[in-house]
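Residue numbers (the working numbering): 61 to 224.
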Amino acid sequence: MTTTVLNEKVEIFKKSIEDIVAVLNNMEEAALYVKPSESEWSAMQIVSHIIEAVEFWAADLEALLVVPGAKWGRNHEHVRRLAAVDEKVVSRINKEEAITELQNLVPKVEAVLVKVTEEDLIKTAPSYNPKFDGKPLSFLVDHLIVKHVTGHYGQIVRHLEKIQ
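Here you go:
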């Protein structure tokens, strides 16, 4: 990956955030808290998850730039991940707050990615999640930040189609 590729990743990330914000702006706030089924998250739970996850992964990426090779990551049982989608927690987030927090992710991610060099992207490190163990930092950028948000945008759209 080169700086051009990282810039493209930032643009894809930014576009996904803008798309999510547009969906939120076009929905009645009450609909954002409706779960399509007992086993699925509401749109606001998805948004809360995105905010928490991107902040987590951006912080881990930045820490790995300072301490290369350090153990990084988490599994699906991580307490902050679980708290972010707790219905009581999510019920206290309003649409405007969520939109602001989503938009604030863009400069946070940009600030971290500007520090990443081509050499950094091929560095590997052990992970607390065995599925991610030994993955290069490019995996963290591509899958856990950029594609993660893009995927959840699609999930939000599908979710809202189910409840309308």
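Note that beta-carbon positions come from the ideal geometry of N, C-alpha and C, so glycine has one too. All values reported here derive from a predicted model rather than from experimental measurement.
Same chain only: Cβ atoms within 6 Å of residue i, ignoring 5 sequence neighbours per side
{"i": "residue 192", "result": "133"}
{"i": "residue 219", "result": "96, 103"}
{"i": "residue 122", "result": "172"}
Continuous alpha helix (DSSP H) stretch holding residue i: start and end
{"i": "residue 204", "result": "Here residue 204 belongs to no alpha helix (DSSP H), and DSSP marks it neither H nor E."}
{"i": "residue 66", "result": "63-85"}
{"i": "residue 154", "result": "Segment: none, residue 154 is in no alpha helix (DSSP H) and carries neither H nor E."}
{"i": "residue 110", "result": "103-126"}
{"i": "residue 180", "result": "178-181"}
Inter-residue Cα distance where the pair is residue i and residue j
{"i": "residue 111", "j": "residue 130", "result": "24 Å"}
{"i": "residue 160", "j": "residue 125", "result": "27 Å"}
{"i": "residue 214", "j": "residue 179", "result": "32 Å"}
{"i": "residue 19", "j": "residue 194", "result": "Missing from the structure shown is residue 19; the chain here goes from 61 to 224 and no further."}
{"i": "residue 94", "j": "residue 177", "result": "42 Å"}
Beta-carbon proximity list for residue i, same chain, < 7 Å, skipping 5 on both sides
{"i": "residue 209", "result": "73, 76, 77, 110, 114"}
{"i": "residue 205", "result": "73, 114, 117, 118, 169"}
Cβ neighbour criterion (16 or more within 10 Å) applied to residue i
{"i": "residue 146", "result": "exposed"}
{"i": "residue 119", "result": "exposed"}
{"i": "residue 198", "result": "buried"}
{"i": "residue 99", "result": "exposed"}
Residues near residue i by beta carbon distance below 8 Å, same chain, minus five either side
{"i": "residue 216", "result": "80, 83, 103, 106, 107"}
{"i": "residue 137", "result": "none"}
Original post:
Counting Cβ pairs, one atom from each stretch, are 3 or more of them under 8 Å apart for the region 166-178 and the region 67-84?
Top reply: Note that the region 166-178 touches the region 67-84; at least 3 beta-carbon pairs, one per stretch, sit closer than 8 Å.
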